[in-house]
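Note that my numbering has the sequence shown beginning at 744, numbered continuously upward.
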Amino acid sequence: MHDFLTLKSKEMEVGGAPEIISVLPLGHVKSAKGEFDVDGESFAAMKAQIAQRGVDLVVDYEHQTLTGEQAPAAGWVKELFLSDGQIKARVEWTDKAKAYLESREYRYLSPVITVRKADNKATGLHSIALTNTPAIEHMEAIVNSLDYEEGGQNTMNEFMKKLAALLGLGEDATEEQVTEALKACLEENKSLKESAAEAGKQQPPEDDKVVANKEVCELLGLKAGAATADVAAAIMALKGGNIGGVNLVEQVKSLEAKLADRDAEEAVELALKAGKITPAQRDWAKGYALKSLDDFRGFVEKAPQVVPMGDVGGSSSLALKADEVDEATLLVCKQLGISPEDVKKYGMKGE
């Protein structure tokens, strides 16, 4: 599993909008959430990731791309390269972003990266944001919204780490190891109570399956001395992805669906702008992209241009420019299954 980090870089001094920006330094980086490394493999992995997606990496405002809502671009990364011990990017800014930078209304950069958990190495670059969050020395990091701040897999991971620590296990303990340790704790507790009963001490409650570990009970949201059945039920609920009555699995699935829809819409828009599909094919193309985004991108890359650039924009309709049907219109009509006769009858300019 990868950790997603938003990194705040040092102040960006601009005398206008810089074409070249620094994204990450090479070497060992310390952050508030831990430490990670950036090296040549990191750079190669980031370039490969961008190439696989087949679209320019976005520079947005205040990480709006992470929210799944409307996220206008401030610019696009056209090239990623190594220089002076840093990963740098050549950016093509939008006119609006240029105005912000030239007037110093935005002065900082904040890249979003993925860190490989196995060796704490940065291996992916999700996006870069313009932000006014004060610069943090040495690239100190904060967790961003892709860490599921509203309670998700990372919340579960933190809980399991705390539970493992209470049971005397390391942070890298698996779910099975934690479960087995809990079972052993319960069995030991039961054995101690039975021994106490045989020694003539006060008998425990009628239900002899009582958990004595107060900290474990509180961590599960139960009262001290909760019954084994209640503890087991709480653990099963956590394994099913429920915390505090909220189904985290469904929340994660919903977020994944929003991200998939956004990527599909973006791919369809690029195909329309490239003239690879017609506006009438938008719904079909959206369904294709949602089913398999990589296959759709492969189709767009190999497909011929079927719409003359500049003649069609967005979802606007075509109008004949003369009494005769030109070759470009005939090509589009062929794609849509419309005969030249129907075009002349219903699509003539001015009719």
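Backbone N, C-alpha and C define an ideal beta-carbon position, used for all residues, glycine too.
In this chain, the alpha helix (DSSP H) harbouring A940 covers E918 to E941. The beta carbon of L767 is closer than 6 Å to those of V781 and I830 in its chain, skipping five residues each way along the sequence.
Where E822 is concerned, there is no enclosing alpha helix (DSSP H), although the beta strand (DSSP E) around it starts and stops at A816 to S826. Between K1019 and V1043 the beta-carbon gap is near 5 Å, inside 8 Å, which marks them as a contact.
Contact between D803 and A865 does not hold, since their C-beta atoms are separated by about 20 Å, which reaches or exceeds 8 Å. Where L852 is concerned, the enclosing beta strand (DSSP E) starts and stops at Y851 to R859.
8 Å or more divides the Cβ of E919 from the Cβ of K904. If you draw a straight line from the Cα of R1025 to the Cα of D799, it is about 21 Å long. Excluding the 5 residues flanking it on each side, G818 has same chain C-beta neighbours closer than 7 Å at V802, V834, E835, W836, T837 and A840, in chain order. The C-alpha of A940 is placed about 49 Å away from the C-alpha of A861.
The beta carbon of L1073 sits closer than 7 Å to those of P1083, all from its chain and outside the five residues before and after it, given in chain order. Boundaries of the alpha helix (DSSP H) harbouring S785: G783 to R796, taken from the DSSP string.
Around S765, the same chain offers Q829 and K831 as residues with beta carbons nearer than 6 Å, after the five sequence neighbours per side are excluded.
Just measuring C-alpha positions, the residue of Y843, T917, I793 and E805 sitting nearest P761 is Y843.
DSSP places K839 in the uninterrupted alpha helix (DSSP H) bounded by D838 to E845. The continuous alpha helix (DSSP H) containing K1034 extends over residues R1025 to K1034. About 6 Å separates the beta carbons of T971 and L929, which is inside the 8 Å limit, making them a contact pair.
Short of 7 Å from the beta carbon of E805, and not among the five residues preceding or following it, lie these beta carbons of its own chain, in chain order: A872 and T874. In this structure F824 is exposed. Its beta-carbon is surrounded by fewer than 16 other beta-carbon atoms within 10 angstroms. Counting only residues of its own chain and dropping the five nearest sequence neighbours on each side, S870 has a CB closer than 8 Å to the CB of L800, V801, V802, D803, H806, T808, L809, P854 and V855. If you draw a straight line from the Cα of D1006 to the Cα of V921, it is about 38 Å long. Taking the Cα of E1012 as reference, the smallest distance to any Cα among K1029, S826 and V820 is reached at K1029.
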